[in-house]
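> Here it is, the structure in full.
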Amino acid sequence: MKSKPGIWMIGDLQGCYEPLRELLAHPDIQSDPDAQLWFAGDLVNRGPDSLATLKAVMALGDRAISVLGNHDLHLLAVAAGVRKAGKSDTLDDILNAPDAQEMIDWLRHCPLAHYEQRHLLVHAGVLAKWDVEKTLELAAEVEAALRGPDWKAMLQKMYGNEPVYWKDEFEGGKRLRVIINALTRMRMCDSHGHMEFSFKGAPINNGQLMPWFDVPNRAIRDDTVVFGHWSTLGLMIRPDAICLDSGCVWGRQLTAMRLQDHKLVQISCQQYRNPQGS
29 MKSKPGIWMI GDLQGCYEPL RELLAHPDIQ SDPDAQLWFA GDLVNRGPDS
79 LATLKAVMAL GDRAISVLGN HDLHLLAVAA GVRKAGKSDT LDDILNAPDA
129 QEMIDWLRHC PLAHYEQRHL LVHAGVLAKW DVEKTLELAA EVEAALRGPD
179 WKAMLQKMYG NEPVYWKDEF EGGKRLRVII NALTRMRMCD SHGHMEFSFK
229 GAPINNGQLM PWFDVPNRAI RDDTVVFGHW STLGLMIRPD AICLDSGCVW
279 GRQLTAMRLQ DHKLVQISCQ QYRNPQGS
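If you're matching positions, the sequence shown starts at 29 in this note's numbering and goes up one per residue.
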């Protein structure tokens with residue numbers, strides 16, 4: 029009897045095509061050709077080949093599920109004309125491609141959260157007040173706006189650090205901004221669970237500031253949140269939280285983990301390191 033296809037969860041790619049190609053050719057992943065591949069977001073930007081990376085993920089078809097990361101949303105904003113490209117961006121090859129619109133539309137239809145087998149995949153984190161059901165509902169609000177005819181106008185409201193907390197009464201741009209910031213940008217929170225965006229280094233927990241996954245009384249307790257976004261945290265495996273951003277674009281490693289048994293496949297990225305990624 030043929031075994032059920034597995035699920036491999038993969039950390040931030042950030043335009044690093046060669047490590048992705050090497051990962052997909054790894055015997056452990058090749059041995060399960062029907063396996064689902066979950067990508068933790070930030071498919072593009074900063075690395076040397078955003079175009080090939082994005083096309084490779086798209087070519088996986090239904091096998092691939094990628095949540096949107098902050099760099100993916102930045103690409104959408106630049107494509108929409110609501111944000112200028114930054115000096116360290118490596119997005120021109122996508123924006124200037126003849127099929128650029130097809131790639132932009134594909135990204136617009138990616139989710140912000142995905143849940144299966146008691147694992148919740150997001151790019152950055154989940155606010156302490158949100159359980160799995162609430163997270164998926166709020167993610168769906170942003171997804172609907174991104175897939176709608178006014179998606180460019182929605183992206184104009186995305187930028188800013190305020191509010192840093194959640195209230196069900198929030199509406200409009202304020203509401204969408206909190207959802208996007210939590211799911212794609214958050215790393216640290218204060219003791220009240222309010223987001224703190226200025227801290228980007230390795231995590232600390234001094235009672236005043238702490239990683240979002242250490243905020244007391246989190247609503248998600250019996251499921252595992254899988255995320256990327258935090259290369260200075262690196263690979264972290266806990267029953268309630270798994271970080272898969274092991275700094276591929278910074279010349280460290282690209283990490284994949286099999287959901288069913290936590291088997292790891294890691295690709296060294298030192299030889300592929302992009303000088304811009306530092």
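Here a beta-carbon is modelled for each residue, glycine too, at the ideal position from N, C-alpha and C.
When you compare only the Cα positions, how much space is there between Q304 and L272?
As a first step, residue 304 must be located in the sequence shown, where it is residue number 276. As a first step, residue 272 must be located in the sequence shown, where it is residue number 244. A caution first: Q304 carries a pLDDT of 48, below 50, which makes its placement in the model unreliable, though a value can still be read off. Cα to Cα, the separation comes out at about 22 Å.
> Can you say whether P177 is buried or exposed, counting buried as having 16 or more other CB atoms within 10 angstroms of its CB?
Taking the sequence shown and counting its residues from 1, one reaches residue 177 at position 149. Note on P177: under 16 other CB atoms within 10 angstroms of its CB, so exposed under the neighbour-count rule.
> With respect to the beta strand (DSSP E) encompassing Y300, which residues constitute its N-terminal and C-terminal limits?
Along the sequence shown, read from residue 1 onward, the residue named residue 300 stands at position 272. Unbroken run through Y300: none, as it is neither H nor E.
> Could you check where the beta strand (DSSP E) with T283 kicks off and where it finishes?
Translated into positions along the sequence shown, residue 283 becomes position 255. Per DSSP, T283 belongs to the beta strand (DSSP E) from 281 to 286.
> Does the beta-carbon distance from A53 to I35 come in below 8 Å?
Mapped onto the sequence shown, residue 53 falls at position 25. Mapped onto the sequence shown, residue 35 falls at position 7. Result no, Cβ atoms of A53 and I35 do not sit closer than 8 Å.
> For a test of the three-state rule: what should DSSP assign to A168, helix, strand or coil?
Here residue 168 is taken as the residue at index 140 of the sequence shown, counted from 1. Reduced to three states, the DSSP call for A168 is helix.
> Under 8 Å: do the region 90 to 108 and the region 57 to 75 share three or more Cβ pairs, one atom per stretch?
Yes: at least three Cβ pairs fall under 8 Å.
> Under 6 Å Cβ to Cβ from L261, same chain only, skipping five residues before and after it: list those, please.
One-based indexing of the sequence shown puts residue 261 at position 233. Only P231, C271 meet the Cβ criterion.
> Buried or exposed for I265, going by 16 or more other Cβ atoms inside 10 Å?
Here residue 265 is taken as the residue at index 237 of the sequence shown, counted from 1. Exposed, because fewer than 16 other Cβ atoms sit within 10 Å of the Cβ of I265.
> Apart from the five residues just before and just after K180, which ones in its own chain have a Cβ nearer than 8 Å to its Cβ?
By 1-based counting over the sequence shown, the position of residue 180 is 152. The answer, listed in chain order, is A108, G109, V110.
> For S116, does the count of other Cβ atoms within 10 angstroms reach 16, so buried, or fall short, so exposed?
The residue labelled residue 116 in the question sits at position 88 within the sequence shown. The residue in question, S116, is exposed, as its Cβ has fewer than 16 Cβ neighbours within 10 Å.
> What are the start and end residues of the alpha helix (DSSP H) that includes S94?
Residue mapping note: residue 94 aligns to position 66 of the sequence shown, counting from 1. Per DSSP, S94 belongs to no alpha helix (DSSP H); it is in the beta strand (DSSP E), 92 to 94.
> Tell me where the beta strand (DSSP E) around H142 begins and ends.
Working through the sequence shown from its first residue, we reach residue 142 at position 114. Unbroken beta strand (DSSP E) run through H142: 142 to 144.
> To the nearest angstrom, how far is the alpha carbon of C276 from that of Q294?
Residue 276 sits at position 248 when you count from the first residue of the sequence shown. Residue 294 sits at position 266 when you count from the first residue of the sequence shown. Rounded to the nearest angstrom, the two C-alpha atoms are 10 Å apart.
> Starting from Q294, follow the beta strand (DSSP E) in both directions and report where the run begins and ends.
On the sequence shown, position 266 is the one that residue 294 refers to. Its beta strand (DSSP E) spans residues 292 to 296.
> I need the DSSP call for Q64, collapsed to helix, strand or coil.
Taking the first residue of the sequence shown as 1, we reach residue 64 at position 36. Looking at Q64 - three-state DSSP - the assignment turns out to be strand.
> Kindly indicate the opening and closing residues of the alpha helix (DSSP H) around W179.
Position 151 of the sequence shown, counted from the first residue, corresponds to residue 179. Segment 179 to 184, the alpha helix (DSSP H) holding W179.
> With distances taken from CA atoms, which of L104, I122, T163 is nearest H137?
For the purposes of this step, residue 137 is taken as residue 109 along the sequence shown, with counting starting at 1. Checking every option, the nearest Cα to that of H137 belongs to L104.
> Are the beta-carbon atoms belonging to F225 and L237 less than 8 Å from one another?
Locating residue 225 in the sequence shown gives position 197, where the first residue counts as 1. Locating residue 237 in the sequence shown gives position 209, where the first residue counts as 1. Not closer than 8 Å, so no.
> For P47, collect the residues of the same chain with a Cβ closer than 6 Å to its Cβ; drop the 5 residues on either side in sequence, then sort them by chain order.
Counting from one through the sequence shown, the residue named residue 47 turns up at place 19. Here the set comprises C276, L282, I295, C297, Y300.
> Rounding to the nearest angstrom, what Cα-Cα distance links H290 and Y187 in this structure?
Indexing the sequence shown from 1 puts residue 290 at position 262. Indexing the sequence shown from 1 puts residue 187 at position 159. Distance between the alpha carbons of H290 and Y187: 36 Å.
> Of the choices D40, P267, N234, whose alpha-carbon is the least far from that of T212?
Here residue 212 refers to the residue found at position 184 of the sequence shown. When each option's Cα is compared against that of T212, the closest is D40.
> Following the continuous alpha helix (DSSP H) through V85, name the residue where it begins and the one where it ends.
The residue labelled residue 85 in the question sits at position 57 within the sequence shown. Residue range 78 to 87 is occupied by the alpha helix (DSSP H) that includes V85.
> So what does T252 bridge to, in DSSP terms?
The residue labelled residue 252 in the question sits at position 224 within the sequence shown. Partner(s): H147.
> From M223 to L135, what distance separates their C-alpha atoms?
For the purposes of this step, residue 223 is taken as residue 195 along the sequence shown, with counting starting at 1. For the purposes of this step, residue 135 is taken as residue 107 along the sequence shown, with counting starting at 1. Between M223 and L135, the C-alpha separation is close to 26 Å.
> Just to confirm, are V170 and I208 a CB contact at a threshold of 8 Å?
Taking the sequence shown and counting its residues from 1, one reaches residue 170 at position 142. Taking the sequence shown and counting its residues from 1, one reaches residue 208 at position 180. Yes; because the gap between Cβ atoms is below 8 Å, this pair is in contact.
> With a CB to CB cut of under 8 Å and the five nearest residues on each side skipped, what residues in its chain are close to D243?
Position 215 of the sequence shown, counted from the first residue, corresponds to residue 243. A small fix is needed here, since residue 243 is Val in this sequence, not Asp. Hits under 8 Å: A156, C217, S219, G221.
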